[in-house]
Amino acid sequence: MRPAADRLAQLLGHFLPGTLPVRVRAWDGSQSGPADAPLVTLRSPQALRRLLWQPGELGLAEAYVTGDLDVEGNLADVLSRAGKAVRDRPAARPRPAGMAAAAALAVRLGAAGPPPPRPHGRARLSGPLHSASRDRAAISHHYDLSNEFYALLLDPSMAYSCAYWTRPDDPTYTLADAQRDKLKLICRKLGLRAGDRLLDVGCGWGSLTVHAAREHKVRVTAVTLSRAQRDFVTERAAREGVADLVDVTLRHWRHIDGGGYDAAAAVEMGEHVGDAEYPAFTTKLHDALRPAGRLLIQQMSRGAHTPGGGAFIETYIAPDMHMRPVGRTVDLLEDVGLEVRSTESLREHYTTTIDAWRATLERRWSDVEALVGETTGRVWRLYLAGASLAFAERRMGVDQILAVRPTREGTSAMPATPTTWYTAQSPA
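Under the working numbering, residues 7 to 434 are what the sequence shown spells out, in order.
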């Protein structure tokens with residue numbers, strides 16, 4: 007009988023012409039593919055069965071997170087090679103004879119059978135898209151995994167967003183330093199002063215909220231849909247001595263009331279708003295600001311023809327998310343009367359940030375398994391590897407957009423130049 011790996015290579019050849027981008031080891035121990043390529047192991051025919059029942063990205067992802075398929079070495083390297091092979095050699099649908107031959111090979115490999123059980127962790131949402139209740143469920147799916155898990159993964163500030171790496175070549179410069187520099191940059195761009203009122207929409211675990219209150223003595227209204235985050239930020243503000251300056255509220259962005267804020271921020275929250283809902287979101291932010299008040303949005307972006315996060319991310323990580331090209335976001339902000347004063351791309355900074363999270367995940371793998379289980383740990387391992395590549399290969403971006411609500415007379419009260427945002431002598 008021919009080794010399973012040879013038959014696997016023949017099967018893949020019907021869909022992906024040319025040399026395999028990886029080396030494949032089958033469940034019988036046989037191997038096929040370039041000797042110097044990363045090694046992908048199929049532990050049982052069930053890995054193939056997952057692809058038959060669910061072809062494409064999601065089937066491959068579920069084969070990996072269940073352990074039916076595994077990778078030796080750098081997971082991001084395997085994803086990069088496989089993605090490049092698909093992009094460079096677009097697969098053509100086999101002719102009927104080829105499809106019949108591929109089907110026969112799959113049967114002989116043991117891939118035929120009922121659909122395999124799905125791994126736990128899929129998002130299960132219901133109700134109208136981006137209704138308050140569905141948004142709450144989507145946010146809970148991702149952010150309520152547990153505060154303890156995010157504490158394992160993130161730096162001590164609990165900043166779950168792109169950091170700002172001012173000294174990337176300095177080996178003593180850490181993720182915590184880069185996140186602190188990001189918070190400083192945001193506060194400088196917003197021009198925060200003691201006594202100002204800041205609206206922090208989608209406050210996460212309070213990194214910006216607490217930093218602004220502690221370092222600038224501003225009064226912060228922090229908004230979240232996550233009960234776990236609300237409780238965490240409330241306790242954190244008390245622990246760090248700024249409870250009198252911080253009001254944490256559990257509500258949807260649509261239900262933010264009041265105005266007159268000196269500044270507002272939405273740090274990687276806009277991706278959860280939705281496409282059709284974004285004009286109403288920008289109107290809400292505009293109306294929350296006083297004249298000459300500033301808005302800082304830090305938000306991920308995608309190309310014009312790839313507006314979603316992909317089947318795996320939308321199923322297991324961040325359901326209902328939507329990203330658009332940065333220029334379209336700028337248009338939407340200007341449409342409601344805000345004046346965009348600055349855009350700054352942090353794309354490479356996100357690759358470095360995610361790689362720091364990946365390193366922490368691997369270093370603390372036993373703690374991750376004990377806390378959330380192997381399957382969820384593998385979901386995050388795959389998610390972070392893929393996300394790092396998406397930013398490194400310019401399939402995704404992230405930008406800081408600074409806007410102002412001009413006065414009726416057109417005054418912005420902005421500084422003549424942005425020099426002080428970036429000088430080492432600037433205040434925190």
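Each residue gets a CB set at the ideal place from its N, CA and C atoms; glycine is no exception.
The structure presented is a predicted model; accordingly, all values stated were derived computationally and were not measured.
Using the C-alpha atoms, what's the distance from residue j back to residue i?
i    : j    : result
W427 : T172 : 12 Å
F397 : T425 : 27 Å
V252 : V216 : 8 Å
R87  : A310 : 24 Å
R194 : A43  : 47 Å
A184 : T359 : 8 Å
A269 : G208 : 14 Å
Q431 : G197 : Low per-residue confidence applies at Q431: pLDDT is 47, beneath 50, and the placement is therefore not dependable enough to give any value.
V71  : R384 : 5 Å
G276 : W259 : 10 Å
T227 : L57  : 47 Å
R13  : V30  : 11 Å
A365 : L160 : 11 Å
H261 : A110 : 57 Å
V239 : A143 : 20 Å
A317 : Y156 : 23 Å
L135 : D326 : 8 Å
D187 : A169 : 8 Å
E221 : G201 : 12 Å
A138 : A69  : 33 Å
R236 : V374 : 23 Å
T417 : A409 : 13 Å
G212 : A165 : 8 Å
L17  : L344 : 55 Å
L214 : R203 : 13 Å
A324 : R8   : 43 Å
Can you tell me whether residue i is buried or exposed, with buried defined as 16 or more other CB within 10 angstroms of its CB?
i    : result
H278 : buried
A32  : buried
T288 : buried
P122 : buried
S152 : exposed
G299 : buried
K90  : exposed
P421 : exposed
D341 : exposed
S232 : buried
Per DSSP, which one or two residues make a beta bridge with residue i?
i    : result
V273 : Q304
L38  : In the sequence as displayed, the identity of residue 38 is Ser instead of Leu. Paired residues: V30.
D76  : T47
T426 : Paired residues: none, contrary to the question.
Y267 : L295
T255 : V229
State the start and end residues of the unbroken beta strand (DSSP E) segment that holds residue i.
i    : result
I407 : M402 to V410
T230 : R225 to T230
D206 : R203 to V207
For the alpha helix (DSSP H) that residue i lies in, which residues bound it at each end?
i    : result
R55  : Q52 to W59
I262 : Segment: none, I262 is in no alpha helix (DSSP H) and carries neither H nor E.
D250 : Counting along the chain, D250 falls outside any alpha helix (DSSP H), and DSSP gives it neither H nor E.
D12  : A10 to G19
S215 : Correcting the residue type first, residue 215 is Thr in the shown sequence and not Ser. Looking at the DSSP string, the run of the alpha helix (DSSP H) that includes T215 is S213 to H222.
Can you find a C-beta in chain D that's less than 8 Å from the C-beta of residue i?
i    : result
C209 : Note that chain D does not occur in the displayed structure, where there is just one protein chain.
Enumerated in chain order, which unbroken segments of the alpha helix (DSSP H) with a length of 4 residues or greater are wholly contained in the region 327–385?
Restricting attention to alpha helix (DSSP H) runs no shorter than 4 residues, the region 327–385 encloses them at 332–341, 353–369 and 371–378, ordered along the chain.
At which residue ranges does the region 128–183 contain complete beta strand (DSSP E) runs of 3 or more residues, listed in the order of the chain?
none
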